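Worksheet: the structure to be examined is printed underneath.
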Amino acid sequence: MKVEQQCKIIARERLTPDTVSMTLAVGDMVSSAITNTGRPIHPGQFIHIKCGEGLLLRRPISIQSWLGTRMGGTITVVFEAKGEGTRWLAQRQVGDTLDVLGPLGNGFRTTSGPYLLVGGGVGVPPLHACACYTGCASTAILGFRSKDRAILLDRFDEDCVDVQVATDDGSLGYHGFVDALVRQELEKKRHYQGVLACGPKPMLKRVAEVAAEFGVPCQVSMEERMGCGVGACLVCAVTMKDGTVKHVCKDGPVFDAEEVDWDA
Amino acid sequence: MPDVNLSVNLAGVTLNNPVVVASGAFGFGREYNQFYDLSELGGICAKGLTLHPRMGNPAPRVAETPMGILNSVGLENPGVDAFIKEELPFLRRFDTKIIANISGNTPEEYGVMCEKLSAAGVDMIEVNISCPNVKAGGLAYGTRPELAAEVTETAKKHANGVPVMVKLSPNVTDITEIAKAAEGAGADALSLINTIRGMRIDVSTRRPVLRMNTGGLSGPAVLPVAVRMVWEVAQAVKLPILGMGGVSKGADAAQLMLAGASAVAVGTALFTDPFAPLKVRDGLAEIAGRQGLSAVSELTGGVKPW
Ligand SMILES: Cc1cc2nc3c(=O)[nH]c(=O)nc-3n(C[C@H](O)[C@H](O)[C@H](O)COP(=O)(O)OP(=O)(O)OC[C@H]3O[C@@H](n4cnc5c(N)ncnc54)[C@H](O)[C@@H]3O)c2cc1C
Ligand SMILES: Cc1cc2nc3c(=O)[nH]c(=O)nc-3n(C[C@H](O)[C@H](O)[C@H](O)COP(=O)(O)O)c2cc1C
Ligand code: FES
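Same order as they appear, the protein sequences are chains R and Z. Every letter in the first sequence is one number past the one before it in numbering that gives the first Met the number 0, and letter 212, counting from 1, is 211. Every letter in the second sequence is one number past the one before it in numbering that gives the first Met the number 0, and letter 33, counting from 1, is 32.
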C-alpha cells in the first residue's frame, strides 16, 4: 500500500553549502512497503515531497537510508538546493513537518557480492544503501564537481572495499569524469556482478557504454520531471531502445542500461 | 453533518456523488486504487484513448507554473482495444461510473471507437474535441462549430444509446458557439474545460521547459476561466455540464456547480494530493449542509449574477 503521510523532520545536517541531509520520522511507511510488496525498500526507490503551498508538483528525492518501524521508522534523504522547491525544503528545520508520498518506484536489484557503484553529484546518496545491501563487498567510484561538493565519503569508506573519487576540476582525486575510472577498474578486475549508476544523464550514458564494452550488466537510475509520481499521469516518459515508452516513477527510476534509448 | 444527498444526475446517469476524476490525471485507476477504494468516486474519466496505441510526445512533458502546470503528454495510450480487454474489466469492479474519453484523427475514428466502447459497456463516452483533425488540415475540432457538430453527430450515431458527452476546448473566442453546435448535433452532455494552451521558458537556457515548446495549462490558475465558461455555456444550452479546471477543494467545486455544472471533475489536484477528489466531495457536502440544502444538486445553477 502506498501512503501519504505527514512526517516530522527529526534530524538535519548541512553536508555542503548547497546539500542537506534530512531524516524523517515516517511511521510505518517503510514497514508497510515490506508487507505489501514482499520485500523491503530497495536502494533507488524514492519519496515524493510536497514543497510548500504555492508549488503544485511534489519533488522526487531518492531514499538514502531507512529504518523499519521496529527500529524507529525513519527515512533519510540527501538533496541539493537547486530551484524553488528544493530551496524551500532546505530551509525546513528539525520539528517541522513534511507531506510525503512513498516509497515509490523500483530500486536497484542486487544480490550480495561485489558491484561497481558509480555516482555523480546528488546521485551519490542512494548508492550508499547499495553498498550496505551488497555485503560491503562493493567498490565505489564517485564524481563531484569539486572537492567542496564531495559528500558521504566517510560513509562509503566504511561500507566499501575501495572508494575512488573524481572531480571535474581536479581538486580531489582523479581530474576528470567517472567513466575513465570505471574503465580502469573494469580492465583490472573481472569479478563485478554489475555496475549500478546514479547521476546526470550524460554520465549515465557514458558509464553504460563502458559497462557494455566489458560485457558487465549495468543498472541506471534515471531522472525525469514528474507529476503524480505513481504512474497515472504519464508525464515522466523515457524512451526505450525497442521503441516503447516507460515511466520513470513506476517502471523505474532504475532501468537496465541496455533497455534505454540513450539517443532519444 | 445533516444528511445531504450527494447523488447527482448527469444525462440520465446517476453518480453516487458529484466528484469525478478528470481524464489523463488518473490513468485507468489502478495507481490510485492503492490509496483508496475507487467506489468512493462519483465517476472515473479514463485516460484519453485513440483507435491505435500512441507513444505520446518526448519528455519533458510537464512544467510547473504559478498555481498551475503545463503538460504535453500527447495522448500516450494503449489504444481502445487494449483498454477494453485489459483495463475495463478492472474498472468495472467498482461501484462508480466509468466514462471513456476518446480522441480521433477523423470523425470515422470516433465512430469506430464509440461502437467498440458501447459494445464493451461503459457508462458514458466523453468525446475530446481538443485534438487536431487530420482531414481538416490539423485544425482542432473544438475550434470550429461545424467540425464539432460533425464529430458529435458521428459519435452519437455509433454510441448505441450510451450517453455522449462532448469535452470543449477553452482555446476559442466564443465557447457558446461550439456548445450550441454540439447540442444541435445531439450531444447528451458537455464537459469543460480542457487545458488552456501555454508556454514556459527557462530564462538561463532560453529553452522552453517542455520538449514540445507549448502545452496545456491546468490547475488552480485556470479555475476562474473554467467558472466563467461553465456559466456562459450553462446559459447558452440546456445540456447538463461536467465542470472542471483547477478544482482542489469543496468551494472550487461549489463555484462550478453554482455556475451551472451538475458534477465536477478533479485532475491536477491529484498530483499535489492523491486524496483531493475525496476531500472535494466532503467539502462540497459540508458547504451544502451549512447552507441547509438537502441535496448537493441544489447548488447547480444557483449563482445570483448582478
Ligand atoms: C527518481 C529521482 C530521484 C531523485 N533523487 C534526488 C536526490 O536524492 N537528491 C537530489 O538532490 N535530487 C534528486 N533528484 C532530482 C530532484 O528531484 C530535482 O533536483 C528537484 O525536483 C528540483 O526541484 P527544484 O524545485 O529545486 O527545481 P525547479 O527548477 O523549481 O523545479 C521545477 C520542476 O522541475 C522538476 N525538476 C527539476 N529538475 C529535475 C530533475 N533533475 N529531475 C526531476 N525533476 C526535476 C521539479 O521536480 C519541478 O517539478 C531526483 C530526481 C528523480 C527523478
Ligand atoms: C497530465 C494531463 C493529461 C491529460 N490528458 C487528457 C486526455 O487524455 N484527454 C482529455 O480530454 N483531457 C486530458 N487532460 C485535461 C484534463 O482532463 C482537464 O480537462 C484539465 O486538466 C483541467 O482540469 P484540472 O485543472 O483539474 O486538471 C489532461 C490533463 C493533464 C494535467
Ligand atoms: S509522474 Fe505521473 S506517471 Fe510518472
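Quick reminder that beta carbons are idealized off the backbone N, C-alpha and C, glycines included. No experiment lies behind these values; they were computed from the predicted model shown.
State the Cα-Cα distance for the pair residue i and residue j, rounded to the nearest angstrom.
i	j	result
P239/Z	A188/Z	5 Å
D122/Z	M225/R	31 Å
E3/R	G67/Z	21 Å
S261/Z	M243/Z	11 Å
R91/R	V99/R	14 Å
M28/R	L97/R	14 Å
I8/R	R196/Z	39 Å
S220/R	I101/Z	34 Å
V163/Z	V126/Z	7 Å
R199/Z	T271/Z	20 Å
P124/R	L14/Z	48 Å
L48/Z	T105/Z	14 Å
T34/R	I40/R	Because T34/R carries a pLDDT of 45, less than 50, the predicted location of this residue cannot be relied on, and no value is offered for it.
V194/R	E184/R	11 Å
V247/R	A258/Z	39 Å
G175/R	G245/Z	48 Å
P201/R	F143/R	14 Å
R154/R	L9/Z	60 Å
A231/R	P59/Z	16 Å
P65/Z	E114/Z	41 Å
E300/R	L191/Z	This structure cannot speak to residue 300/R, because chain R is shown only from 0 to 263.
G26/Z	V3/Z	30 Å
V215/R	Y191/R	7 Å
A236/R	E107/Z	30 Å
C197/R	P276/Z	35 Å
Indicate the three-state DSSP secondary structure (helix, strand or coil) for residue i in the structure shown.
i	result
I48/R	strand
G73/Z	coil
D156/R	helix
A32/R	helix
I286/Z	helix
C131/R	helix
R224/R	coil
S293/Z	coil
Q254/Z	helix
F213/R	coil
A89/R	helix
T213/Z	strand
Y140/Z	helix
P59/R	strand
E184/R	helix
Y109/Z	helix
F264/R	Absent from the model: residue 264/R. The displayed extent of chain R is 0 to 263, so no value can be given.
N8/Z	strand
D161/R	strand
A24/R	strand
D173/Z	coil
R280/Z	helix
With 16 as the cutoff for other CB atoms within 10 Å, does residue i come out buried or exposed?
i	result
E222/R	buried
G94/R	exposed
H47/R	buried
M256/Z	buried
H157/Z	buried
C50/R	buried
W315/Z	Since the displayed chain Z opens at 0 and closes at 305, residue 315/Z lies outside it and no answer follows.
V7/Z	buried
A118/Z	exposed
D250/R	buried
N212/Z	exposed
E12/R	exposed
Using 8 Å as the cut-off, can you tell me whether the segment 16-35 of chain R makes contact with the segment 76-86 of chain R, which would need three or more C-beta pairs spanning the two stretches below that distance? Cβ pair count under 8 Å is three or more, so yes.
Using a Cβ distance threshold of 8 Å, determine whether the segment 218-235 of chain Z contacts the segment 156-176 of chain Z, with at least three qualifying pairs required. Counting Cβ pairs under 8 Å, three or more are found: they touch.
I want to know whether the segment 83-95 of chain Z touches the segment 248-263 of chain R - three or more CB-CB distances under 8 Å. Here the segment 83-95 of chain Z makes no contact with the segment 248-263 of chain R; the two share fewer than three CB pairs at distances below 8 Å.
Stretch pair the segment 176-191 of chain Z + the segment 23-39 of chain Z: three plus CB contacts closer than 8 Å: Result no; under three Cβ-Cβ pairs closer than 8 Å.
Chain Z contacts made by the segment 212-235 of chain R, where a contact means CB separation under 8 Å: Per Cβ criterion, the list reads E223, R224, M225, G226, C227, G228, V229, G230, A231, C232, L233, V234 and C235.
How about the segment 276-295 of chain Z and the segment 245-254 of chain Z: do they share at least three Cβ pairs that are nearer than 8 Å? Judged by Cβ distances under 8 Å, the segment 276-295 of chain Z makes contact with the segment 245-254 of chain Z, as three or more pairs qualify.
Using a Cβ-Cβ cut-off of less than 8 Å, list which residues of the segment 45-63 of chain R approach chain Z; keep chain order. Those residues of the segment 45-63 of chain R that come within reach of chain Z (Cβ to Cβ, closer than 8 Å) are K49, G53, L54, L55, L56 and R57.
I'd like to know if the segment 178-188 of chain R and the segment 149-168 of chain R are in contact, where contact means that at least 3 CB-CB pairs between them fall below 8 Å. Contact holds: three or more Cβ-Cβ distances are below 8 Å.
Taking Cβ-Cβ distances below 9 Å as the criterion, which residues of the segment 31-60 of chain Z are in contact with chain R? Result list: Y31, Q33, F34, K46, M54, G55, N56, P57, A58, P59 and R60.
Any residues in the segment 238-257 of chain R with a beta carbon nearer than 8 Å to a beta carbon of chain Z? Which ones, in chain order? Answer set for the segment 238-257 of chain R: T238, G242, T243, V244 and K249.
With 8 Å as the C-beta to C-beta threshold (strictly closer), list the residues of the segment 67-90 of chain Z near chain R in chain order. Of all residues in the segment 67-90 of chain Z, those with a C-beta nearer than 8 Å to a C-beta of chain R are G67, I68, N70, V72 and E75, reading in chain order.
What residues from the segment 201-212 of chain Z come within 7 Å of chain R, judged by C-beta to C-beta, listed N to C? So the list is empty, because no residue satisfies the distance condition.
If the cut-off is 8 Å on Cβ atoms, which residues from the segment 182-202 of chain Z count as contacting chain R, listed in chain order? Here the close residues number zero.
Residues of the segment 183-212 of chain R with Cβ closer than 7 Å to any Cβ of chain Z, in chain order: For the segment 183-212 of chain R, the set of positions with a beta-carbon nearer than 7 Å to some beta-carbon of chain Z is empty.
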